[in-house]
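Worksheet for the structure shown next.
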Ligand SMILES: [Fe+2]
Ligand SMILES: [Fe+2]
């Protein structure tokens, strides 16, 4: 072998060694990056869970003023998500309404217990105070940049509006009422009437279903009533399952 060839071979060996060191270093970088990314994902996941957990506890706090078990809001959220799905909404929307709807009555924090838990009929002035809970809820939730809280604010404000314009607080009609408010209105109506309250016993499912049918085009949009009735068996089964297992 000539001297030139020996020199060339040595250069190649050196380059190969340098490359090996470089490749090893790159592998270490890639590994560090994967570990870092994993930790980042875990932190993000934990933060999202902590966020949703706080929202749920906030909703539960308000519900304890009205319903001793707090389970109404969980059932109602599942029913709202079922209606949204049957209505053709995206998975993202269904998830948002599932998380946002438990806060629909958060404004009841601002209504005195003497009104909320009153066993007899409310006076006109007590009803006026009770109705303020929509606006109180909106005041608590408005102005957030978090999509679920934004939707929760919209729901809090509009879940007592009625399709024919006879609801409160603003007397919105038809499509002026955001879809999330309309969906929660019908889910809340069904669940509230089919559960025991301090001032009355639960109404039978078939009675409440015919009440919903009668409200077609009045309290609720015709389209949403049709959607609700199309999946009412699924909703009743879901409600019974949650009641039996307390699982959601
Ligand atoms: Fe309400
Ligand atoms: Fe409710």
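In this note's numbering, the protein residues as written are 32 to 279.
Ideal Cβ placement from N, Cα and C applies to all residues, glycine included.
Since the structure is predicted, the reported quantities are computational estimates derived from the model, not experimental observations.
Are residue i and residue j touching if we call contact CB-CB under 9 Å?
i	j	result
residue 159	residue 147	no
residue 112	residue 126	yes
residue 217	residue 269	no
residue 107	residue 215	yes
residue 86	residue 179	yes
residue 136	residue 114	no
Reducing DSSP to helix, strand and coil, say where residue i ends up.
i	result
residue 231	strand
residue 251	strand
residue 33	coil
residue 123	helix
residue 142	coil
residue 129	helix
residue 170	helix
residue 196	coil
residue 153	coil
residue 88	helix
residue 257	helix
How would you label residue i, buried or exposed, when you count the other beta carbons within 10 angstroms and need 16 or more for buried?
i	result
residue 63	exposed
residue 193	buried
residue 177	exposed
Check for me: the alpha helix (DSSP H) holding residue i runs from which residue to which?
i	result
residue 179	178-189
residue 95	Per DSSP, residue 95 belongs to no alpha helix (DSSP H) and is neither H nor E.
residue 241	236-245
residue 263	263-276
residue 224	210-224
Regarding residue i and ligand 4, is the C-beta to nearest heavy atom distance less than 8 Å?
i	result
residue 148	This structure lacks ligand 4; the ligands present are ligand 1 and ligand 2.
So which residues put a beta carbon under 6 Å from any heavy atom of ligand 2, going in chain order? 103, 107, 135, 136, 219 and 223
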